[in-house]
Amino acid sequence: MSTTTISIIKKHYRLFRPISTSKSTASSSSQKHTRYYGFIPEPAIKNFFTGRIWSRMNTPYPQSKIETYIKRGYFDITPAVITEPKLKCRRCLNEQRPKFISFHCAKCQKTCHYCRHCITMGRMCSCDELIMWKKEQPRSRMQKSQVDFTWTGKLTVHQQKAADELLTSLKQNRNHLIHAVCGAGKTEILFAPIYASLKAGKRVCVATPRTDVVLELYPRFQQVFQQITIHALYGGAQNDTQFAQLILATTHQLYRFENAFDVMIVDEADAFPYTYDEALQRAVMKARKAKAPIAFVTATPSTKLLIQQRNEKWGYSFIARRFHGQLLPVPRYQALWNYEKVFYKEKIPQKLKNWVEQRLQNQQPFLIFFPTIELMEQATPLFQHIEPTIESVHSEDPDRKEKVMQLRNEERKGLLTTTILERGITIKNVQVAVVGADNPVFTSSALIQISGRVGRNMHYPSGDIVFFHHGITMEMDQARKKILEMNYYE
Amino acid sequence: MNKPIQHCLLCERELNQSFGWEELLRKTLPQTICPRCEQRFHRVEQQQEEGVVSLYHYNEAMKDFLHRYKFLHDIVLAHVFNRILHEQLKNEKRLVIPIPMHLENLKTRTFAHIDELLKAASIPFAHHLIKLSNEQQALKTREQRLQTPQLFEVVNVTEIKGGNLLLVDDIYTTGTTLNHAKRALLQAGAKTVKGFTLIHG
Ligand SMILES: [Zn+2]
Ligand SMILES: [Zn+2]
Ligand SMILES: [Zn+2]
């Protein structure tokens with residue numbers, strides 16, 4: 001995210017503050033009502049809606065109740081899609097014209113517009129409305145919360161230093177970048193700073209681009225922070241109606257929050273689609289409170305992010321060593337000429353076949369990354385011919401979690417995958433091959449992440465990572481160079 | 001429609017649209033989904049119902065499509081089947097009549113899904129039916145379905161008197177809807193009434 005992007009975001013954000021129903025009068029009169037009639041909002045309703053931006057006609061509560069609260073001025077209301085000066089989705093902040101569909105709407109009898117970018121959360125048209133719980137008087141600047149911190153693990157010296165630095169930044173409301181190699185133990189670094197924030201009564205969000213990462217983090221956080229409500233939000237998760245002080249969410253789910261968090265942590269800050277998707281970046285800015293600090297955590301920060309960190313004087317922590325203290329496995333190159341053609345002739349290229357047979361013989365679990373689903377699907381039956389438990393996974397595969405679990409449990413010998421498994425997964429003693437490492441989908445950061453799957457376990461700190469290619473690319477060299485650089489650090 | 005479609009409507013993959021002379025001369029409708037998504041739909045090889053033509057079987061892909069089109073109300077998905085519907089119906093001599101929605105349901109859904117399918121395929125049609133009840137046929141027992149007195153009322157009767165008609169619906173399940181509509185139209189004086197559905201359930 002560049003400086004300019006951020007300032008643009010800030011500007012837009014100010015422009016599109018909730019369109020309130022004659023703000024000053026409504027809110028002051030509602031406060032009078034509160035006293036006069038003794039109308040006290042139910043805690044459940046208040047808790048649910050605080051910081052959320054939600055469809056007026058589709059809440060977990062009876063419509064009559066919602067309408068009563070609206071009448072009493074507890075909510076701000078805005079059309080779901082703003083049409084002037086140009087189309088903008090109020091939920092995901094998308095403004096790209098191709099992602100809006102305009103049609104003649106039978107409900108409002110006019111031309112209506114809806115945003116396809118966030119349609120999976122329910123279609124919202126320009127004639128639909130979103131409601132937001134009105135800002136309260138600051139909760140007597142944070143009552144302290146009761147949180148139990150039950151983590152007994154120990155941090156390495158590097159982790160401890162990063163945790164202290166992050167804590168300092170958060171206390172000063174300053175943004176922070178944690179740049180740590182794959183396998184440095186990033187999650188453990190977050191525990192103490194998050195604990196301190198929760199204890200101070202702050203509301204914390206850990207956002208990550210991938211559902212898999214949310215699912216992996218959730219039980220770990222539940223174990224560490226007992227006594228408080230934690231929500232894991234991802235596509236398909238149930239709506240919890242309580243107030244959660246700690247929220248783990250995919251960046252997509254942030255669309256449903258506004259002005260909600262005192263601390264924002266963006267994990268895997270470089271991962272697709274976050275790097276690409278400006279709407280998601282805007283969602284992060286929208287979900288946090290105006291001055292809340294953002295901490296970015298990544299193994300492969302983009303140059304943009306590094307420059308921004310320097311220019312805006314964010315806190316910075318750097319960890320070059322894995323938690324077990326061993327060096328990062330360095331990728332080796334292996335030419336695999338015309339691999340695509342060979343696969344389409346129903347054959348596995350010989351060198352790759354040898355590699356797989358070696359893994360099977362050594363009884364080592366393995367991952368083979370493919371550049372496209374099509375090529376992978378072409379190759380899958382060929383591999384299954386050698387070893388029937390081999391399966392393939394991709395982003396649209398509903399059984400993905402299960403297949404990975406089976407690899408972990410040694411029920412499967414190996415998996416073929418697209419870049420979907422490039423991060424977030426840890427499999428003991430896994431060996432990794434990239435087929436077609438020269439394909440443009442394998443950027444240097446993707447290759448670094450993929451290489452980072454190897455040697456994560458303390459008892460198996462090394463392993464093979466091989467880039468099979470039809471020509472060496474700059475991205476491959478870049479990845480290898482960065483990994484070697486890390487290994488030179490003390 | 002809004003603008004040329006450059007990405008598959010179902011999976012967002014980039015489409016390799018060709019805008020050659022052939023397309024321009026023959027005025028084919030634009031491709032809207034990628035080959036990968038297209039092959040997930042399965043054509044009906046042999047028609048199973050008397051007097052009804054259905055194009056596709058109901059499978060996972062179709063279930064997903066219906067969910068997104070009819071439940072999530074993603075109206076642009078009306079274009080997914082634009083080419084095949086055009087191909088099938090462009091030389092249709094009979095009067096094409098879509099099964100209508102009840103007015104209340106129409107307001108909730110914000111669009112008439114059969115009409116939109118036909119519009120996307122540039123097939124002209126006319127409305128001669130009005131849906132009388134907004135109850136879902138699928139939710140009823142067989143008994144109740146048979147007892148339902150009348151689902152449709154015919155309007156502009158003079159225009160269909162003695163005519164050959166083609167009723168269009170999205171999915172054929174029990175046949176109740178088409179049968180009710182057919183009976184009403186025949187009683188109003190139509191000469192023949194056949195059915196056409198996108199899906200055979
Ligand atoms: Zn949107
Ligand atoms: Zn409308
Ligand atoms: Zn597609």
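Protein chains in written order, with full-length UniProt numbering: chain A, 1 to 490; chain B, 1 to 201.
Just so you know, even glycine gets a beta-carbon here, dropped at the ideal spot from N, CA and C.
Exposure label - E396(A); buried when at least 16 CB within 10 Å
exposed
Using 8 Å as the threshold, is the stretch 123–133 of chain B in touch with the stretch 150–157 of chain B, meaning 3 or more CB pairs across them?
yes
With C-beta atoms as the reference, is L306(A) less than 8 Å away from A269(A)?
no
Beta carbon proximity, T110(B) to chain A, threshold 8 Å
yes
Please state whether DSSP places G235(A) in a helix, a strand or coil.
coil
Just checking H102(B) against ligand 1 - is the residue's beta carbon closer than 7 Å to any of the ligand's heavy atoms?
no
With 8 Å set as the bound, which would you pick, yes or no: does the beta-carbon of H102(B) sit closer than that to a beta-carbon of chain A?
no
Does the beta-carbon of S54(B) have 16 or more other beta-carbons within 10 angstroms, so that it is buried, or is it exposed?
buried
Closer than 7 Å to a non-hydrogen atom of ligand 2 - does that hold for the CB of C127(A)?
yes
Quiz: which residues have CB nearer than 7 Å to ligand 3 non-hydrogen atoms:
C8(B), L10(B), C11(B), R13(B), I33(B), C34(B), R36(B), C37(B)
Limits of the alpha helix (DSSP H) - the one that A196(A) falls within:
186–199
Check whether the Cβ of S28(A) lies closer than 8 Å to any Cβ atom in chain B.
Caution is warranted here: a pLDDT of 42 is assigned to S28(A), below 50, making its placement in the model unreliable, and the coordinate value is therefore given only provisionally. Closer than 8 Å: no.
Drop a sphere of 10 angstroms on the beta-carbon of L484(A), count the other beta-carbons inside from all chains shown, and report buried for 16 or more, exposed for fewer.
exposed
When Cβ atoms are compared, which residues of the stretch 50–82 of chain B fall closer than 7 Å to chain A?
L72, H73, D74, I75, V76
List the residues of chain B that K107(A) touches, going by C-beta distances under 8 Å, in chain order.
K107, T108, T110
F467(A) to V435(A) span [Cα, whole Å]:
7 Å
How far does the beta strand (DSSP E) with A433(A) in it reach, from first residue to last?
431–435
Run down chain B in chain order and give the residues with a C-beta less than 7 Å from the C-beta of F103(A).
I75, F111
Quick one: what does DSSP say C8(B) is sitting in, helix, strand or coil?
coil
Just checking: is the beta-carbon of R116(A) within a distance shorter than 8 Å of some beta-carbon in chain B?
yes
When the Cα atoms are used, what is the spatial distance from Y36(A) to Y61(A)?
Any reading at Y36(A) needs caution, since the residue's pLDDT is 43, under 50, leaving its predicted position unreliable; the model's value is listed next. So the alpha carbons of these two residues sit roughly 25 Å apart.
In whole angstroms, what separates the C-alpha of A180(A) from that of A163(A)?
12 Å
Nearer than 7 Å: is that true of the beta carbon of R91(A) relative to any heavy atom of ligand 1?
yes
Buried or exposed by the 16-neighbour rule on C-beta atoms within 10 Å, applied to T177(B)
buried
Tell me which residues share the same chain as K401(A) and place their Cβ nearer than 8 Å to its Cβ, disregarding the 5 neighbours each side in the sequence.
D212, L215
Any chance the CB of C182(A) is under 7 Å from a heavy atom of ligand 1?
no
Tell me the residue span of the alpha helix (DSSP H) that contains N164(B).
N164(B) -> not in any alpha helix (DSSP H); beta strand (DSSP E) instead, spanning 164–172.
Alpha-carbon to alpha-carbon, G463(A) and E188(A):
24 Å
Taking V432(A) as the reference, which of V284(A), H394(A), Q364(A) has the closest Cα?
Q364(A)
For the alpha helix (DSSP H) containing W133(A), name the first residue and the last one.
Premise fails: W133(A) lies in the beta strand (DSSP E), 129–133, not in any alpha helix (DSSP H).
Does the distance between the C-beta of H117(A) and the nearest non-hydrogen atom of ligand 5 fall short of 7 Å?
Ligands present in the displayed structure are limited to ligand 1, ligand 2 and ligand 3, and ligand 5 is not among them.
Note down, in chain order, every chain B residue with its Cβ under 8 Å from the Cβ of R123(A).
L72, H73, D74
For E42(A), count neighbouring C-beta atoms within 10 Å of its own C-beta (all shown protein chains included) and say buried if the count is 16 or more, exposed if not.
exposed
May I ask you to check if the CB of T108(B) is nearer than 7 Å to at least one heavy atom of ligand 2?
no
If the cut is a Cβ gap below 7 Å, which residues of chain B does I119(A) touch?
L72, D74
Interface partners of C112(A) on chain B, CB under 9 Å
T110
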